[in-house]
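Enquirer:
Chains as they are written, first to last, in this note's numbering: chain A, 2 to 367; chain B, 26 to 820.
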């Protein structure tokens with residue numbers, strides 16, 4: 002008995018001393034292994050009489066249990082220490098830079114076009130397109146500017162030497178208005194479209210580029226009047242700039258393709274050297290800024306587009322996309338729009354995930 | 026149009042302030058472009074009396090003046106003008122005043138060590154004229170100490186933009202009429218100076234071109250004395266930005282600017298025989314008043330006599346017969362020309378003038394006799410002389426347009442309810458006459474009125490566009506319906522997919538230098554502008570790559586380490602009908618460093634053709650193209666490296682994209698440093714998805730797990746890996762669901778002319794797990810398929 006007790010104590014002491022898993026395994030083999038003394042002692046129980054067995058078993062069983070427990074505990078402790086050491090070894094310098102993936106961007110013109118599409122879709126407008134290399138008829142004649150019309154001279158038109166089969170001049174569209182004609186000819190009335198796109202004028206200075214972007218709007222129905230035009234533009238600008246204090250001023254003007262024709266001004270103030278849209282243009286610290294031309298579609302234009310002006314009437318408007326983009330997002334140099342400088346594109350461009358939605362607000366804040 | 030307030034008040038009885046007048050002008054469609062108030066400009070400039078003048082101790086050309094500005098405290102001023110002297114009166118700018126000509130703010134200073142308390146000013150410095158030889162000398166009686174603005178007369182000048190449909194407002198009187206209609210005052214009748222005409226016109230006047238010149242009226246005034254115009258006339262012309270020339274010229278300008286009515290005065294002594302309006306002869310020449318010679322043709326109308334052409338009708342007079350200081354007898358011409366022909370002539374000659382602007386828009390056909398009498402009367406008044414009777418050839422258009430107007434249209438089209446009586450008042454105040462049943466007769470000067478909508482405009486602009494209330498567009502019930510077309514959705518999705526791939530969207534010019542367009546051209550001719558703004562913006566792009574390459578080069582020149590640019594836009598071709606065929610396209614240029622040098626990655630890496638391929642496939646997939654079915658083929662184009670570029674095709678003919686490394690010759694042509702990778706996606710070639718629905722097909726993952734087997738083949742070095750993959754893929758269509766290249770190796774251990782390609786083949790069991798014999802059979806098929814391409818299994 003005392004033998005087992007002292008043997009057990011010696012084994013437990015050795016287990017406690019084991020410095021490695023290998024040493025611990027040696028202890029296990031010495032004790033609980035096939036040839037270990039505990040296992041051998043257990044085997045002796047089989048040859049004993051029941052009385053002898055009853056007397057000897059508890060000591061041996063207890064020795065086995067306490068040694069097994071000590072082995073497990075020690076093993077866990079040694080493993081934990083090993084893991085700790087391994088982790089310490091694996092430590093890296095996380096102040097080192099990680100590999101960056103390039104960030105792409107969406108051009109402000111595209112972003113604003115998406116915003117336009119989103120807002121106007123809510124008002125029932127579809128997006129229409131047309132060719133940029135146009136003929137004289139769609140760009141001028143059908144818009145009530147015949148060849149001798151003085152307004153043609155104001156358009157600074159780029160011409161090609163080519164002619165259409167019917168002998169019409171071929172040119173770069175000077176505005177998005179020819180899309181009106183094409184859309185009406187294609188779809189008839191009623192119709193609600195916007196037509197954003199590139200337009201071209203032979204004009205280049207600090208604030209003009211020979212290529213720029215416009216959006217045309219057209220609503221033709223039976224009872225559309227100037228009040229609807231005003232509401233539509235107000236509603237659009239409120240949604241676009243996400244502010245309720247947008248005030249528009251309509252001024253009489255002249256465009257051959259509308260009658261009456263109105264110029265649209267918006268009230269703004271200047272804050273920190275930047276124009277901020279909002280407020281009444283006549284209020285202190287405010288002024289008016291021209292945003293675009295509009296009016297009721299001229300009866301002649303409706304006729305050219307195959308509609309009966311006695312039955313149909315409506316309005317059209319044209320806005321500069323680059324200009325409203327600049328107003329909203331604070332760019333001040335139009336020429337930089339077309340330069341492809343990644344610094345500018347990263348600065349003024351938009352995350353691909355800034356997809357304009359009505360629920361989130363169409364605009365993307367900086 | 027510029028005019029002074031005084032001039033406006035010649036015709037408009039009004040008590041309105043300048044601000045009220047400007048608001049009204051804006052409201053009625055005469056946009057105010059600017060108001061210049063000389064009182065503001067001349068603030069801080071006073072009349073000063075020079076008391077003493079002495080030589081500056083340290084400068085020969087300077088004098089030290091003491092000047093009295095009326096407050097009894099003479100100021101010391103240093104002055105460099107040669108005419109500065111004791112006793113004279115001039116204009117002193119006090120410290121704080123801004124010199125109008127150069128914006129300099131005056132301050133007390135020391136000039137070569139002598140204190141100076143202001144500046145004696147020249148005419149030019151105050152923007153009152155061109156004289157800069159000395160300081161302004163005022164008369165003896167000029168009141169010392171008075172603000173110079175008050176002494177000089179401060180008359181605000183208003184500048185308005187007159188739209189081309191309103192030639193009747195290209196004279197101050199017309200503007201006064203519109204303002205009177207708006208309620209800003211009362212229009213005064215035109216003051217007609219009395220004169221008596223004596224004797225028939227001694228010159229025969231004729232129009233031989235009734236279409237081009239329907240009416241030509243004339244009159245001779247003999248014994249006039251030319252010279253400078255009186256101050257009132259000079260002041261009015263100056264306010265309009267017109268330099269006074271001489272009385273006779275100034276009077277015709279006054280008629281034009283005051284009443285929108287161009288007229289011409291010929292020196293009678295320079296004319297011989299009948300004066301005739303006729304078509305020019307082809308090749309006929311005239312030296313115009315701008316001292317340029319114009320060659321005319323038979324589409325143009327001229328005024329000529331026996332000796333030749335004296336006037337490009339309605340546009341510019343001739344130098345030869347123009348009036349001069351010594352002119353004593355004049356022939357006055359007032360005519361009506363066909364507006365279209367004037368416009369065509371002006372465009373063809375590239376000649377603009379105030380007269381052309383008015384004639385081509387249409388002058389008032391009812392203002393020939395009155396205009397001529399007004400001109401004659403003023404001339405007789407101011408220059409003396411004896412006028413003859415008028416001689417009239419032809420007659421101006423006289424048929425007034427009558428528009429049947431329904432006053433309810435104002436509400437229906439204009440969206441504002443204006444009482445019928447007010448509508449009538451507005452129209453009548455603008456010179457329309459309105460009958461009881463609303464037949465509206467238009468004044469002949471209103472060439473712009475075509476129909477009822479124009480009358481709505483007249484009523485609404487005078488009544489006030491601000492009174493038009495916003496009315497909501499009728500909207501469909503419920504949530505707005507989607508409106509985007511498949512093409513629009515494709516472009517929107519691709520744009521964001523490209524940006525999400527790390528590319529920056531650029532917008533580059535649609536037009537290119539011709540060489541750049543040609544470099545990327547196809548077999549069809551380019552669209553080349555006839556009148557480009559510059560050689561750099563001349564030919565419409567046949568590819569998006571040149572514009573992006575040029576941007577990448579600019580960026581590199583600015584020190585950018587890399588450019589990852591894309592653009593979605595059109596390429597411009599010719600359709601079978603000769604018209605424009607504009608193809609939606611996505612272009613990508615990858616230039617510079619793909620990865621910077623780094624502690625992990627080592628050296629900086631450039632972009633390669635596989636970067637281009639990855640983007641092409643990724644974006645085609647985003648576009649919904651069936652990328653699994655695409656073939657990688659050649660012929661990316663001469664602008665690409667022939668061995669490092671390819672096309673992606675759907676079938677052998679439909680090219681969806683091209684990609685690869687840009688050809689070194691192209692890099693050289695664009696002066697760009699390589700390597701540069703590029704991609705072009707041809708969006709119009711991507712087939713639309715057919716019959717797509719929201720619901721996806723059911724999800725049926727295979728019941729049993731797939732297994733993979735690796736094979737390595739020695740194949741001829743020239744064999745395309747894709748061919749091997751396709752062959753292996755086809756070796757057992759039932760079970761092989763994937764083949765992936767995971768290693769390509771040539772060199773040590775691989776025979777010359779060969780390479781090793783290692784494939785991971787995925788096998789998907791069907792109902793039951795693979796048995797060894799089945800796997801063996803499949804492996805044999807794979808090896809056999811590779812063998813057909815010259816592949817042998819590596820041991």
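Each residue gets a CB set at the ideal place from its N, CA and C atoms; glycine is no exception.
Counting only beta-carbon atoms, is residue 607 of chain B nearer than 7 Å to chain A?
Expert: Closer than 7 Å: yes.
Enquirer: Taking its Cβ as the centre, do 16 or more other Cβ atoms sit within 10 Å of residue 755 of chain B, making it buried, or is it exposed?
Expert: Flag for residue 755 of chain B reads exposed.
Enquirer: Taking C-beta pairs closer than 9 Å, name the residues in chain B that residue 199 of chain A reaches, listed in chain order.
Expert: Those within 9 Å of residue 199 of chain A in chain B are 532, 535, 594 and 595.
Enquirer: In chain order, what residues of the segment 553–568 of chain B put their CB closer than 9 Å to some CB of chain A?
Expert: The residues in question are 553, 554, 555, 556, 557, 558, 559, 562 and 565.
Enquirer: Count the C-beta pairs between the segment 126–133 of chain B and the segment 98–110 of chain B that are closer than 8 Å, then say yes if the count reaches three, no if not.
Expert: No, the segment 126–133 of chain B is not in contact with the segment 98–110 of chain B.
Enquirer: Output yes if chain B places a C-beta closer than 7 Å to the C-beta of residue 134 of chain A; else output no.
Expert: Cβ-Cβ to chain B under 7 Å: yes for residue 134 of chain A.
Enquirer: Hey, quick one: how far does the alpha helix (DSSP H) through residue 330 of chain A stretch, first residue to last?
Expert: Run containing residue 330 of chain A: 322–330, per the alpha helix (DSSP H) assignment.
Enquirer: Which of helix, strand or coil does DSSP assign to residue 781 of chain B?
Expert: Note: residue 781 of chain B maps to strand in three-state DSSP.
Enquirer: Between which two residues does the beta strand (DSSP E) carrying residue 305 of chain A extend?
Expert: From DSSP, residue 305 of chain A is part of no beta strand (DSSP E) but of the alpha helix (DSSP H) over 300–305.
Enquirer: Could you confirm whether any beta carbon from chain A is found closer than 7 Å to the beta carbon of residue 379 of chain B?
Expert: Taking Cβ atoms only, chain A never reaches closer than 7 Å to residue 379 of chain B, which makes this a no.
Enquirer: Kindly indicate which residue of B:587, B:456, B:394 and B:476 has the alpha-carbon position closest to the one of residue 427 of chain B.
Expert: Comparing Cα positions, the closest option is B:476.
Enquirer: Buried or exposed for residue 262 of chain A, going by 16 or more other Cβ atoms inside 10 Å?
Expert: It is buried - the Cβ of residue 262 of chain A has at least 16 other Cβ atoms within 10 Å.
Enquirer: Using a Cβ-Cβ distance cut-off of 7 Å, determine whether residue 211 of chain B contacts chain A.
Expert: Closer than 7 Å: no.
Enquirer: Which two residues bound the contiguous beta strand (DSSP E) that contains residue 104 of chain B?
Expert: Its beta strand (DSSP E) spans residues 100–104.
Enquirer: Put residue 356 of chain A into one of helix, strand or coil per three-state DSSP.
Expert: In the structure shown, residue 356 of chain A sits in coil (DSSP, three-state: anything other than H, G, I, E or B).
Enquirer: Residue 706 of chain B CB to nearest chain A CB: under 7 Å?
Expert: Answer no: the Cβ-Cβ gap between residue 706 of chain B and chain A never drops below 7 Å.
Enquirer: Write down every uninterrupted run of the beta strand (DSSP E) in the segment 425–450 of chain B whose length is 3 residues or greater and which is fully enclosed by it, in chain order.
Expert: Entirely contained in the segment 425–450 of chain B, the beta strand (DSSP E) runs reaching 3 residues are, in chain order, 427–429.
Enquirer: Could you name the residues of the segment 607–639 of chain B whose beta carbon sits closer than 8 Å to any beta carbon of chain A, in the order they occur along the chain?
Expert: If the cut-off is 8 Å between Cβ atoms, the segment 607–639 of chain B has 607, 620, 623, 624, 625 and 626 near chain A.
Enquirer: Given a cut-off of 7 Å on the beta-carbon distance, is the pair residue 470 of chain B and residue 389 of chain B in contact?
Expert: Yes, the pair counts as a contact, with Cβ atoms nearer than the cut-off.
Enquirer: For residue 797 of chain B and residue 732 of chain B, I'd like the C-alpha separation in whole angstroms.
Expert: Spanning the two alpha carbons is a distance of roughly 12 Å.
Enquirer: Which runs of the beta strand (DSSP E) fall wholly inside the segment 559–600 of chain B and span at least 3 residues, in chain order?
Expert: DSSP runs (the beta strand (DSSP E)) wholly in the segment 559–600 of chain B: 587–599.
Enquirer: Taking only beta-carbon atoms, is residue 261 of chain A less than 7 Å away from chain B?
Expert: Yes, residue 261 of chain A lies at the interface with chain B (some Cβ there is under 7 Å from its Cβ).
Enquirer: Residue range of the beta strand (DSSP E) that residue 230 of chain B falls in?
Expert: Per DSSP, residue 230 of chain B belongs to the beta strand (DSSP E) from 230–232.
Enquirer: Using a C-beta to C-beta distance shorter than 8 Å, which residues of chain B count as neighbours of residue 123 of chain A?
Expert: Chain B residues near residue 123 of chain A: 505.
Enquirer: In this structure, does DSSP put residue 811 of chain B in helix, strand or coil?
Expert: In this structure, residue 811 of chain B counts as helix in the three-state DSSP scheme.
Enquirer: Is the beta carbon of residue 260 of chain B closer than 7 Å to that of residue 825 of chain B?
Expert: This structure cannot settle anything about residue 825 of chain B, because the visible part of chain B is limited to 26 through 820.
Enquirer: Is residue 54 of chain B close to chain A? Criterion is C-beta to C-beta, closer than 7 Å.
Expert: Closer than 7 Å to some Cβ of chain A, the Cβ of residue 54 of chain B qualifies, so yes.
Enquirer: Below 8 Å on C-beta distance, what does residue 438 of chain B contact in chain A?
Expert: Those are 226, 227, 261, 297 and 314, listed as they occur along chain A.
Enquirer: Give me the Cα-Cα distance between residue 740 of chain B and residue 815 of chain B, rounded to the nearest whole angstrom.
Expert: Cα-Cα distance, rounded: 6 Å.
Enquirer: Across the segment 164–176 of chain A and the segment 270–284 of chain A, are there enough close Cβ pairs to call them in contact, namely three or more that are closer than 8 Å?
Expert: No, the segment 164–176 of chain A does not touch the segment 270–284 of chain A.
Enquirer: If you measure from the beta carbon of residue 65 of chain B to each beta carbon in chain A, is any gap under 7 Å?
Expert: Judged by the 7 Å Cβ criterion, residue 65 of chain B is not in contact with chain A.
Enquirer: Please give me, in chain order, every unbroken run of the beta strand (DSSP E) with length at least 3 that falls completely inside the segment 116–178 of chain B.
Expert: Listed in chain order, they are 134–136 and 139–141.
Enquirer: Would you say residue 1 of chain A reaches chain B, if we count a Cβ-Cβ gap shorter than 7 Å as a contact?
Expert: What the structure shows of chain A is the stretch from 2 to 367, and residue 1 of chain A is not part of that stretch, so it cannot be assessed.
Enquirer: Do we get a CB-CB distance below 7 Å when we pair residue 212 of chain A with the residues of chain B?
Expert: True, the Cβ-Cβ gap to chain B drops below 7 Å.
Enquirer: Is it the case that the Cβ atoms of residue 260 of chain A and residue 294 of chain A are separated by a distance below 7 Å?
Expert: Contact: no.
Enquirer: Between residue 205 of chain B and residue 56 of chain B, is the Cβ-Cβ spacing less than 7 Å?
Expert: Not a contact, by the Cβ cut-off of 7 Å.
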